[in-house]
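Down below is the structure, laid out as structure tokens.
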Amino acid sequence: MSIITKYVTLKNYIPTGLPKETDFEIKSREISVNEENNILVSNSWISVDPYMRARMTERKNYKPPFKIGEEMEGYAIGKVETSNDKNFNVGDLVFSNLGMRDNFVCNSNQLKKLKPIDIPIQTYLGPLGMTGHTAYIGLLKHGELKTGQTVLVSSAGGSVGSTVCQIAKNLGCKVIASTGSDEKVGWLKKELKVDHAFNYKKIKNLVLYFKEICPEGFDLYFDNVGGDFLESTIFQMKNYGRIVICGRISQMNVTTPGSGLKNMAYVLVKRLTIKGFLIFDHENEKEPFETDMLKWLSEGKIKFKETIYQGIENAPKSFIDLLEGKNIGKMLVKI
Ligand code: NDP
Numbered sequence: 094m095s096i097i098t099k100y101v102t103l104k105n106y107i108p109t110g111l112p113k114e115t116d117f118e119i120k121s122r123e124i125s126v127n128e129e130n131n132i133l134v135s136n137s138w139i140s141v142d143p144y145m146r147a148r149m150t151e152r153k154n155y156k157p158p159f160k161i162g163e164e165m166e167g168y169a170i171g172k173v174e175t176s177n178d179k180n181f182n183v184g185d186l187v188f189s190n191l192g193m194r195d196n197f198v199c200n201s202n203q204l205k206k207l208k209p210i211d212i213p214i215q216t217y218l219g220p221l222g223m224t225g226h227t228a229y230i231g232l233l234k235h236g237e238l239k240t241g242q243t244v245l246v247s248s249a250g251g252s253v254g255s256t257v258c259q260i261a262k263n264l265g266c267k268v269i270a271s272t273g274s275d276e277k278v279g280w281l282k283k284e285l286k287v288d289h290a291f292n293y294k295k296i297k298n299l300v301l302y303f304k305e306i307c308p309e310g311f312d313l314y315f316d317n318v319g320g321d322f323l324e325s326t327i328f329q330m331k332n333y334g335r336i337v338i339c340g341r342i343s344q345m346n347v348t349t350p351g352s353g354l355k356n357m358a359y360v361l362v363k364r365l366t367i368k369g370f371l372i373f374d375h376e377n378e379k380e381p382f383e384t385d386m387l388k389w390l391s392e393g394k395i396k397f398k399e400t401i402y403q404g405i406e407n408a409p410k411s412f413i414d415l416l417e418g419k420n421i422g423k424m425l426v427k428i
């Protein structure tokens, strides 16, 4: 039996600037189950993630560039439709990294069977998945956050950031959240109960603003954005404070490279630790994350929002809109 698959491809590399819809093309082709690829999966949910931007240039990075004209990889959740593998049954829910396509054939090495949960299955792409794991490992392992400390979180209305805010609140910390819209500020304050949230686009001088809202200083800054925002936080860190570099989304689409941190002297004087990490190095550290996260989700101690675009045709737009901050919580495509 053969079937048509529809998938997103990159038409050309995008060295700088915000991607445009014309940089992508939706293609289709015929696929069929065969001896090597003996499982057919139909995707239900596709994850849309900022790291994909780095794969749209030819520059060397921690993942290779996407291949022009071929299926773009990425995390997805789907259902087994046909299986000639004894370990997978029709109807099984599966996780893959085969990404932006509506259905595909593969073998069992490329799939992970998902345990049924009594919350929406796409949570495996959000708080129970890569972004939740990033928040957990970044905050607790690399950030070494302790009860009662003060933590600043940027891109706090997004998937990683909103989870960071809530884990820190669950630990009894004071949380200050930065985000790019008043709607996200409202969600962070009213539902996620952060101690203070603000729209960074409305702040003229971040250095003075941090002094005003947090005179005691930050123990930890969870950095999702980099650039000038990162530089401004350094002035308000406590002595021996920690900065965890998780992402640098403010720099992803710039057309001219920034000049770097101009206040490194404060890193010395305040004896700060600045530490980067990649979640891909922590694949074998899913525990105690999964146990803690499932517990927090079931107790309502981690809440989440999703921004959902319908259909594979809208996947390029969803990605561009993610980079422009149009998501609240996790950006997803529903197939
Ligand atoms: P988000 O859900 O946070 O979405 C991206 C957000 O970035 C947008 O919604 C927007 O929110 C914000 N943004 C866009 N441009 C700018 C800008 N110029 N300045 C400040 N904020 C901007 O994405 P994720 O939760 O998936 O990822 C968050 C960060 O974590 C990213 O930097 C990502 O690369 C990083 N990451 C790192 C991992 C690692 O292993 N180290 C793993 C996973 C993610 P706003 O409205 O606030 O502007």
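No gaps in the numbering here: position 272 of the sequence shown is 365 in my numbering, and each next residue is one more. We put the CB at the ideal spot given by N, CA and C, even for glycine.
Check: Closer than 7 Å: residue 211 CB and nearest the ligand NDP heavy atom; Outcome: no
Check: Heavy atom of the ligand NDP within 7 Å of residue 341 beta-carbon; Outcome: yes
Check: Cβ-heavy atom distance, residue 318 to the ligand NDP, below 7 Å; Outcome: yes
Check: Any non-hydrogen atom of the ligand NDP closer than 7 Å to residue 216 Cβ; Outcome: no
Check: Check whether residue 378 and residue 230 have beta carbons under 8 Å apart; Outcome: yes
Check: Whether residue 244 touches residue 266 by CB criterion (8 Å); Outcome: yes
Check: Residue 367 beta carbon near the ligand NDP (any heavy atom closer than 7 Å); Outcome: no
Check: Per DSSP, the bridge partner or partners of residue 367; Outcome: 336
Check: Sequence ranges, beta strand (DSSP E) only - wholly within the region 261-335, length at least 3; Outcome: 267-272, 289-292, 311-316
Check: DSSP three-state assignment for residue 222, whether helix, strand or coil; Outcome: coil
Check: Where the alpha helix (DSSP H) through residue 391 begins and ends; Outcome: 382-391
Check: Option nearest residue 336 by Cα separation, candidates 311, 123, 362; Outcome: 311
Check: Cβ contact (3+ pairs, closer than 8 Å) linking the region 222-236 and the region 126-134; Outcome: no
Check: Reduced DSSP secondary structure (H/G/I, E/B, other) of residue 194; Outcome: strand
Check: Cβ-based neighbour list, residue 173, same chain, cut-off 7 Å, excluding 5 preceding and 5 following; Outcome: 132, 134, 181, 182, 183, 184, 185, 187
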